[in-house]
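Asker: Here it is: the structure, laid out below.
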C-alpha cells in the first residue's frame with residue numbers, strides 16, 4: 001500500500017528545506033571567566049558618538065557586528081588608515097593606551113622607592129660590620145679610639161684630655177679612669193644599642209694596656225663586653241732597620 005500524495009509532498013518539502021538551509025556555525029567558547037555583567041565590545045564603533053560601546057543584545061544587529069570577525073578586521077583597517085593619514089585615534093583608545101602606559105611606567109612604584117628595602121625589613125650593610133676599638137698604651141700615655149665600621153671616629157681621647165698632667169698620664173689609675181670615661185660617653189649617646197659587634201686592638205705594653213682590659217671586663221664595660229668578637233695585638237716589633245737610640249741613663 002503506497003502513502004497518499006499529501007504525505008509524499010510533505011516529506012519532499014521537508015527534505016528540500018533541510019538541504020537548502022545553511023550549516024550552523026559551531027558555538028564559540030570564550031576564555032573569559034564567568035561574569036554576570038553584560039559584555040562590551042573591545043573597540044568602539046564609529047557610528048556610536050563619544051566612543052561608547054553598546055551592550056550585547058541578541059535582538060540587535062550591533063551584537064552580530066561585534067561578534068563578526070570581518071567587522072573587527074575592517075575596524076582595524078580603519079584605525080591603520082587613520083594612523084597613516086595622521087588623524088587622532090578615538091578617545092577611548094587613547095585613554096586605554098595612556099592608562100596602560102602609566103600602569104607600566106609608574107615612577108611612584110615600589111621599585112623606584114629608595115626606602116623600599118628598609119620597609120621590607122632588610123637591614124643596612126653596616127649592621128653586619130663590626131665597630132673598632134683601638135688602645136695605644138705606651139710608657140708616657142694611653143690613647144683610646146672608638147670608630148664606626150667605615151672608619152669614622154666616634155670618640156678619641158687620651159689621659160691628658162680628662163685632666164691628668166705630665167707624669168700622671170702614664171699611671172695605671174689614669175688609664176682606668178680614661179676607659180671608664182669612654183664607656184660612659186658611649187652609653188650616654190646610646191651607642192651600646194647601635195653596636196652589634198666590636199673588635200678590640202691593643203698596641204704597646206704600657207701600664208694602660210692592663211688598666212683598659214680590666215675596665216672593659218669589669219663593671220664599666222658591662223653593656224659592651226658581651227659584644228667583643230675579637231682581640232688583636234698590633235704592637236710593632238722591630239727586626240733590623242735603623243739603629244735605635246741609646247737607652248736613657250739618669251744619674
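In UniProt numbering, the protein residues as written are 1 to 251.
Cβ coordinates follow ideal geometry from the N, Cα and C atoms, glycine included.
(1) Straight-line CA distance for residue 226 to residue 218?
(2) From which residue to which residue does the alpha helix (DSSP H) around residue 174 run?
(3) Measure the beta-carbon distance from residue 220 to residue 175 and round it to whole angstroms, keeping in mind my assumption that it falls under 8 Å.
(4) DSSP three-state label for residue 134, please.
(5) Does the distance from the CB of residue 160 to the CB of residue 169 come in under 7 Å?
(6) Taking all protein chains shown into account, do 16 or more other C-beta atoms lie within 10 angstroms of the C-beta of residue 47, making it buried, or fewer, making it exposed?
(7) Compute the distance between the beta-carbons of residue 192 and residue 223, then report whether it is under 7 Å.
(8) Between residue 246 and residue 240, what straight-line distance do the alpha-carbon atoms span, to the nearest angstrom?
(9) Is the beta carbon of residue 156 closer than 7 Å to that of residue 141?
(10) Would you check if the distance between the CB atom of residue 204 and the CB atom of residue 143 is smaller than 7 Å?
(11) Looking only at C-alpha atoms, which of 150, 231 and 207 sits nearest to residue 173?
(12) Do you know how far the Cα of residue 128 is from the Cα of residue 198?
(13) Within its chain, find whatever has a CB closer than 8 Å to the CB of residue 236; leave out the 5 residues flanking it on each side and keep chain order.
(14) By a C-beta neighbour count over all protein chains shown, 10 Å radius and 16 as the cutoff for buried, is residue 212 buried or exposed?
(15) Could you name each continuous beta strand (DSSP E) segment of 3 residues or more that falls completely within the stretch 196-245, going from the start of the chain to the end?
(16) Between residue 226 and chain C, is any beta-carbon pair separated by less than 7 Å?
(17) Per DSSP, which one or two residues make a beta bridge with residue 155?
(18) Going straight from the alpha carbon of residue 188 to that of residue 210, what length do you get?
(19) Out of 249, 195, 243 and 78, which has the shortest C-alpha to C-alpha gap to residue 228?
(20) Compare the beta carbon distance of residue 132 and residue 147 with 7 Å and say whether it is the shorter of the two.
Answerer: Let's see:
(1) Position 226 of the chain shown, counting from 1, holds the residue named residue 226. Position 218 of the chain shown, counting from 1, holds the residue named residue 218. Using only the alpha carbons, I get a separation of about 11 Å.
(2) Position 174 of the chain shown, counted from the start, is the residue given in the question as residue 174. Run containing residue 174: 172-188, per the alpha helix (DSSP H) assignment.
(3) Locating residue 220 in the chain shown gives position 220, where the first residue counts as 1. Locating residue 175 in the chain shown gives position 175, where the first residue counts as 1. About 12 Å separates the two Cβ atoms, so there is no contact after all.
(4) Position 134 of the chain shown, counting from 1, holds the residue named residue 134. In the structure shown, residue 134 sits in a strand (DSSP, three-state: E or B).
(5) By 1-based counting over the chain shown, the position of residue 160 is 160. By 1-based counting over the chain shown, the position of residue 169 is 169. Contact: yes.
(6) What you label residue 47 is simply residue 47 of the chain shown in a count that begins at 1. Its pLDDT being 47, under 50, residue 47 is placed unreliably by the model, and nothing is read from it.
(7) Residue 192 sits at position 192 when you count from the first residue of the chain shown. Residue 223 sits at position 223 when you count from the first residue of the chain shown. The answer is yes: Cβ separation under 7 Å.
(8) As a working mapping, residue 246 is identified with position 246 in the chain shown. As a working mapping, residue 240 is identified with position 240 in the chain shown. For residue 246 and residue 240, the distance between alpha carbons rounds to 15 Å.
(9) The sequence position of residue 141 within the chain shown is 141, counting from 1. The sequence position of residue 156 within the chain shown is 156, counting from 1. Going by C-beta atoms, residue 141 is not nearer than 7 Å to residue 156.
(10) Start at 1 with the first residue of the chain shown, and residue 204 comes out as number 204. Start at 1 with the first residue of the chain shown, and residue 143 comes out as number 143. No; because the gap between Cβ atoms is not below 7 Å, this pair is not in contact.
(11) The residue labelled residue 173 in the question sits at position 173 within the chain shown. For the residues 150, 231 and 207, the minimum Cα distance to residue 173 belongs to 207.
(12) Within the chain shown, the letter at position 198 stands for residue 198. Within the chain shown, the letter at position 128 stands for residue 128. Approximately 11 Å between the Cα atoms of the pair.
(13) Numbered from its first residue, the chain shown carries residue 236 at position 236. Result list for residue 236: 203, in chain order.
(14) Mapped onto the chain shown, residue 212 falls at position 212. It is buried - the Cβ of residue 212 has at least 16 other Cβ atoms within 10 Å.
(15) 198-203 and 228-233
(16) Absent here is chain C; the protein component of the structure consists of one chain.
(17) Reading the chain shown from its first residue, position 155 is the one you call residue 155. Residue 155 is bridged to 146.
(18) Indexing the chain shown from 1 puts residue 188 at position 188. Indexing the chain shown from 1 puts residue 210 at position 210. If you take the alpha carbons of residue 188 and residue 210, they lie about 25 Å apart.
(19) In the chain shown, residue 228 corresponds to position 228, counting from 1. The candidate whose alpha carbon is nearest that of residue 228 is 195.
(20) Locating residue 132 in the chain shown gives position 132, where the first residue counts as 1. Locating residue 147 in the chain shown gives position 147, where the first residue counts as 1. Contact flag set, yes.
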